[in-house]
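Going down the list, the sequences are from chains A and B.
Take the first sequence: its letter number 47 is residue 47 in full-length UniProt numbering, and every next letter is one higher.
Take the second sequence: its letter number 339 is residue 339 in full-length UniProt numbering, and every next letter is one higher.
All C-beta atoms in this analysis are idealised placements derived from N, C-alpha and C, irrespective of residue type, glycine included.
No experiment lies behind these values; they were computed from the predicted model shown.
I have placed the structure first, in the form of structure tokens, so that the comments after it can refer back to it.
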Amino acid sequence: MSKSERPNQLFRNLNAKVASIPMVLTALVIFVGGSAWTVLYSFTNSKLLPRLNFVGLDQYYRLWSTPRWLVSVENLLVYGVLSLVFSLVIGFMLAALLDQKIRFEDTFRTIFLYPFALSFIVTGLVWQWLLNPEFGIQGVVRGLGWESFNFDPLYNSNIVIYGILIAALWQGTGLIMCLMLAGLRGIDEDIWKAARVDGIPTLKTYLFIIIPMMRPVFITSLVIIAAGIVKVYDLVVAQTSGGPGIASEVPAKYVYDYMFFAQNLGQGFAASTMMLLSVVVVIVPWAYLEFGGKKRG
Amino acid sequence: MRYQFMTAALAVTTALPFAGPAAATDLEVTHWWTSGGEAAAVAEFAKAFDATGNHWVDGAIAGSGGTARPIMISRITGGDPMGATQFNHGRQAEELVQAGLMRDLTDLAARDKWAEIVQPKSLLDGCTLDGKIYCVPVNIHSWQWLWLSNAAFEKAGVPVPKNWNEYVAAAPALEKAGIIPLAVGGQPWQSSGAFDVLLTAVGGTDTFLKVYRDKDAEFAAGPEVAKVFKAADDARKMAKNTNVQDWNQATNLVISGKAGGQIMGDWAQGEFQVAGQTAGKDYTCLPGLGLNEVIATGGDAFYFPLLQDAEKSKAQEALAEALLDPKTQVAFNLKKGSLPVRGDIDLKAANDCMKKGLDILAKGSVMPWTDQLLSQDTQKQKEDLFSEFFAKPDMTVEEAQKRFADIVASAD
Numbered sequence: 001m002s003k004s005e006r007p008n009q010l011f012r013n014l015n016a017k018v019a020s021i022p023m024v025l026t027a028l029v030i031f032v033g034g035s036a037w038t039v040l041y042s043f044t045n046s047k048l049l050p051r052l053n054f055v056g057l058d059q060y061y062r063l064w065s066t067p068r069w070l071v072s073v074e075n076l077l078v079y080g081v082l083s084l085v086f087s088l089v090i091g092f093m094l095a096a097l098l099d100q101k102i103r104f105e106d107t108f109r110t111i112f113l114y115p116f117a118l119s120f121i122v123t124g125l126v127w128q129w130l131l132n133p134e135f136g137i138q139g140v141v142r143g144l145g146w147e148s149f150n151f152d153p154l155y156n157s158n159i160v161i162y163g164i165l166i167a168a169l170w171q172g173t174g175l176i177m178c179l180m181l182a183g184l185r186g187i188d189e190d191i192w193k194a195a196r197v198d199g200i201p202t203l204k205t206y207l208f209i210i211i212p213m214m215r216p217v218f219i220t221s222l223v224i225i226a227a228g229i230v231k232v233y234d235l236v237v238a239q240t241s242g243g244p245g246i247a248s249e250v251p252a253k254y255v256y257d258y259m260f261f262a263q264n265l266g267q268g269f270a271a272s273t274m275m276l277l278s279v280v281v282v283i284v285p286w287a288y289l290e291f292g293g294k295k296r297g
Numbered sequence: 001m002r003y004q005f006m007t008a009a010l011a012v013t014t015a016l017p018f019a020g021p022a023a024a025t026d027l028e029v030t031h032w033w034t035s036g037g038e039a040a041a042v043a044e045f046a047k048a049f050d051a052t053g054n055h056w057v058d059g060a061i062a063g064s065g066g067t068a069r070p071i072m073i074s075r076i077t078g079g080d081p082m083g084a085t086q087f088n089h090g091r092q093a094e095e096l097v098q099a100g101l102m103r104d105l106t107d108l109a110a111r112d113k114w115a116e117i118v119q120p121k122s123l124l125d126g127c128t129l130d131g132k133i134y135c136v137p138v139n140i141h142s143w144q145w146l147w148l149s150n151a152a153f154e155k156a157g158v159p160v161p162k163n164w165n166e167y168v169a170a171a172p173a174l175e176k177a178g179i180i181p182l183a184v185g186g187q188p189w190q191s192s193g194a195f196d197v198l199l200t201a202v203g204g205t206d207t208f209l210k211v212y213r214d215k216d217a218e219f220a221a222g223p224e225v226a227k228v229f230k231a232a233d234d235a236r237k238m239a240k241n242t243n244v245q246d247w248n249q250a251t252n253l254v255i256s257g258k259a260g261g262q263i264m265g266d267w268a269q270g271e272f273q274v275a276g277q278t279a280g281k282d283y284t285c286l287p288g289l290g291l292n293e294v295i296a297t298g299g300d301a302f303y304f305p306l307l308q309d310a311e312k313s314k315a316q317e318a319l320a321e322a323l324l325d326p327k328t329q330v331a332f333n334l335k336k337g338s339l340p341v342r343g344d345i346d347l348k349a350a351n352d353c354m355k356k357g358l359d360i361l362a363k364g365s366v367m368p369w370t371d372q373l374l375s376q377d378t379q380k381q382k383e384d385l386f387s388e389f390f391a392k393p394d395m396t397v398e399e400a401q402k403r404f405a406d407i408v409a410s411a412d
């Protein structure tokens with residue numbers, strides 16, 4: 001090719017590039033710009049209105065010495081790890097069971113996926129009633145004669161986060177199941193046949209052949225679940241409003257409460273910056289492995 | 001044509017400022033009065049304002065102040081201000097005023113002589129910033145009340161207590177009769193408010209002021225306040241079986257006799273009234289928990305965002321006048337269960353509890369409340385602490401007091 005054509009590189013696919021300008025601007029201004037603005041103001045002592053009055057790391061010192069924030073972070077860790085593990089395990093197991101060419105598969109799939117059609121707020125309210133000691137599960141079991149039966153996670157500070165986890169799993173595993181099912185259907189029949197010819201037991205076929213082949217599906221599910229974990233807020237608000245006391249607080253709720261109820265933007269920004277940081281810490285190494293690796297190879 | 005008509009109409013309204021129903025202007029008023037008694041009370045304001053020829057557009061926001069305030073503030077800061085909005089006077093709207101988003105009412109106040117009619121004087125202080133008046137106080141709400149269910153004590157076979165100490169002593173009897181001794185709902189502001197009441201009642205007014213006004217952290221960690229924490233510990237033990245969230249649900253436990261009592265502001269009175277109960281016969285009220293009879297001059301006020309629209313600004317003035325009108329004050333406060341902001345009106349229809357309140361007010365036993373003394377930030381930290389303290393039985397009194405002192409040290 002002659003050298004004179006090189007400057008044109010920029011204008012190749014010009015239409016496509018022009019068309020993507022709005023989205024590029026949106027991403028830059030709203031996502032990157034908004035995040036940068038938030039980080040900048042987290043170093044100020046802004047109260048109700050943003051003001052550029054820098055106080056260094058004061059907001060962060062205060063944040064990490066606030067019991068409520070520490071409880072929130074701990075809750076998020078417990079909720080996050082368990083929700084990740086259980087969503088993947090239960091989702092995969094349901095998908096594997098549905099994949100056994102059972103009858104009424106469509107019906108079961110609909111039933112399992114149905115909760116996903118509900119918002120977190122509705123889910124939260126439904127489970128608030130189910131877990132209410134007087135009207136819910138505990139009340140019903142006691143009514144059947146087991147008088148000493150005790151199941152009131154939402155009113156017990158020590159286990160309240162598990163009550164929220166149950167609701168989250170009920171709502172979310174259906175979607176993961178569908179993703180997994182799609183993944184399983186994407187596996188060539190011949191692989192199953194070959195495994196059977198070699199006499200490999202079904203369980204081993206799943207563990208060592210099928211699951212490794214489904215890596216992209218697992219990555220997708222992982223990203224979807226992880227994004228849901230960090231931003232969990234509405235479920236907590238609907239189920240417990242953070243209670244009893246501050247036992248089921250989560251970081252997103254801390255951010256909202258301090259920005260708007262406490263009229264302390266600086267503190268809220270500091271907390272949201274910490275949330276952003278935690279996402280970056282998880283995403284960057286993963287993105288590097290996932291996309292950086294391909295470029296090299 | 002249309003333009004001319006508008007100008008003409010504007011000229012007429014400017015020329016005859018108080019010519020009655022010349023121009024019906026819609027004015028949106030936001031507030032968080034949504035429980036039964038509250039809604040009945042606010043309807044009185046709407047009626048009075050509509051009578052001036054304008055139109056009250058009700059912007060009730062459900063939830064409580066905590067839910068409503070962020071919505072109001074974001075509307076004002078976001079450039080979509082309403083015609084008028086409720087806040088608790090004090091520091092909640094402080095920064096909005098500083099940012100010039102609220103209308104200065106000083107001239108109107110001077111013309112209508114608010115300084116003379118508003119009683120007690122400290123109410124207007126809560127509306128004043130740098131010598132200018134920014135809000136219209138509409139009622140006095142004091143937190144320091146203990147509401148007791150006479151039926152519950154009858155069932156437990158103990159006399160209705162006359163003060164906090166007798167009440168604590170009666171708690172085991174109530175418990176034995178299957179009654180929750182003290183109802184405290186799960187909303188954080190309820191436990192935090194109950195502590196503040198204990199601080200004034202058990203600790204005394206000076207203790208309260210030393211902690212919240214002077215922000216003396218050493219004192220807050222000391223033995224005087226330790227006594228209050230001991231009382232708060234009693235309170236949380238008495239309240240441990242209250243499985244409700246909202247304050248009016250907790251009040252309902254008292255009304256139905258399922259709970260012995262509740263520490264709650266005098267807005268709870270509206271609920272008793274809606275339920276058709278009579279003060280003295282069905283329920284008993286103890287101002288200052290029967291220990292320290294004072295009334296905090298907290299309450300509700302209306303702020304007027306600065307508007308460009310001349311007609312709406314005019315309607316704002318009409319609303320401000322209507323709110324302070326003696327007749328409206330009586331009608332509103334009777335329904336709301338709060339005390340009027342004017343000393344020159346006659347509340348013949350007031351019930352027992354309100355009369356007790358009026359007496360205290362007449363004696364001048366008033367004090368400022370947390371809304372005036374503390375920033376929202378400090379209040380929120382306090383709420384976090386006390387909602388944890390009330391929900392977590394294994395949190396020690398000493399630990400709670402230490403954290404309380406830390407909050408006071410960093411308070412602003």
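- In the structure shown, residue 350/B falls within a coil segment according to DSSP collapsed to helix, strand and coil.
- Under the Cβ distance rule, residue 64/B does not count among the residues neighbouring chain A, no pair being separated by less than 7 Å.
- Only those residues of the segment 72-89 of chain B whose C-beta falls short of 8 Å from the nearest C-beta of chain A are listed: 73, 74 and 77.
- In this structure residue 187/B is buried. Its beta-carbon is surrounded by 16 or more other beta-carbon atoms within 10 angstroms.
- For a Cβ distance threshold of 8 Å, residue set 241, 243 and 244 of chain A lies close to residue 186/B, ordered along the chain.
- The alpha carbon of residue 247/A has as its nearest neighbour, out of 135/A, 260/A, 236/A and 209/A, the alpha carbon of 236/A.
- Counting the other Cβ atoms within 10 Å of the Cβ of residue 127/A gives 16 or more, which makes it buried.
- When CB distances to chain A are screened at a threshold of 9 Å, the residues of the segment 362-380 of chain B falling below it are 375, 376, 377, 378, 379 and 380, in chain order.
- The segment 259-266 of chain A makes contact with the segment 41-52 of chain A, as at least three CB pairs between them are under 8 Å.
- Contacts with chain A at 7 Å (Cβ-Cβ) include residue 391/B.
- If you check each beta-carbon in the segment 58-83 of chain A against every beta-carbon of chain B, the ones closer than 9 Å belong to 62, 65, 66, 67, 68 and 71.
- The Cβ of residue 54/A sits no closer than 7 Å to any Cβ of chain B.
- The C-alpha of residue 194/A is placed about 12 Å away from the C-alpha of residue 201/A.
- Distance from the CA atom of residue 229/A to the CA atom of residue 82/A, rounded to whole angstroms, is 10 Å.
- Looking at the DSSP output, residue 28/B bridges to 57/B.
- Straight through space, the alpha carbons of residue 31/A and residue 174/A are spaced by roughly 30 Å.
- Taken through DSSP and simplified to helix, strand or coil, residue 104/B comes out as coil.
- One finds nothing in chain A with a Cβ atom closer than 8 Å to the Cβ of residue 252/B; even the nearest lies about 15 Å away.
- Our two residues, residue 258/B and residue 182/B, have alpha carbons roughly 10 Å apart in a direct line.
- Residue 305/B and residue 103/B do touch by the CB rule: their CB atoms are close to 7 Å apart, below 8 Å.
- By DSSP's assignment, residue 279/B forms a beta bridge with 283/B.
- In terms of beta-carbon proximity, residue 387/B lines the interface with chain A, with at least one pair separated by less than 7 Å.
- Residue 322/B is positioned such that its CB atom lies closer than 7 Å to that of residue 328/B.
- Between residue 397/B and residue 220/B, the CB-CB gap reaches or exceeds 7 Å.
- Nearest in C-alpha terms to residue 155/A, of all of 253/A, 129/A, 251/A and 144/A, is 129/A.
- Judged by DSSP secondary structure, residue 300/B falls within the beta strand (DSSP E) whose first and last residues are 300-303.
- Residue contact check for residue 70/B against chain A: a CB pair falls below 7 Å.
- Residue pairing by DSSP puts residue 118/B in a beta bridge opposite 342/B.
- In summary, the residues of the segment 234-246 of chain B whose CB is separated from some CB of chain A by less than 8 Å are 243 and 245, in the order they occur in the chain.
- From the listed residues 195/B, 80/B and 312/B, the smallest Cα separation to residue 379/B is found for 195/B.
- Residue 130/A does not reach chain B, its nearest Cβ partner there being about 15 Å away, counting only Cβ pairs nearer than 9 Å.
- Counting along the chain, the unbroken beta strand (DSSP E) around residue 86/B starts and ends at 84-88.
- In the DSSP secondary-structure assignment, residue 286/A is not bridged to any residue.
- Contact between residue 38/A and residue 269/A holds: CB atoms are separated by about 5 Å, below the 8 Å threshold.
- Within the segment 174-207 of chain A, contact with chain B at the beta-carbon level (separation under 7 Å) is assigned to no residue.
- Looking at the backbone, the Cα of residue 243/A and that of residue 249/A are separated by about 7 Å.
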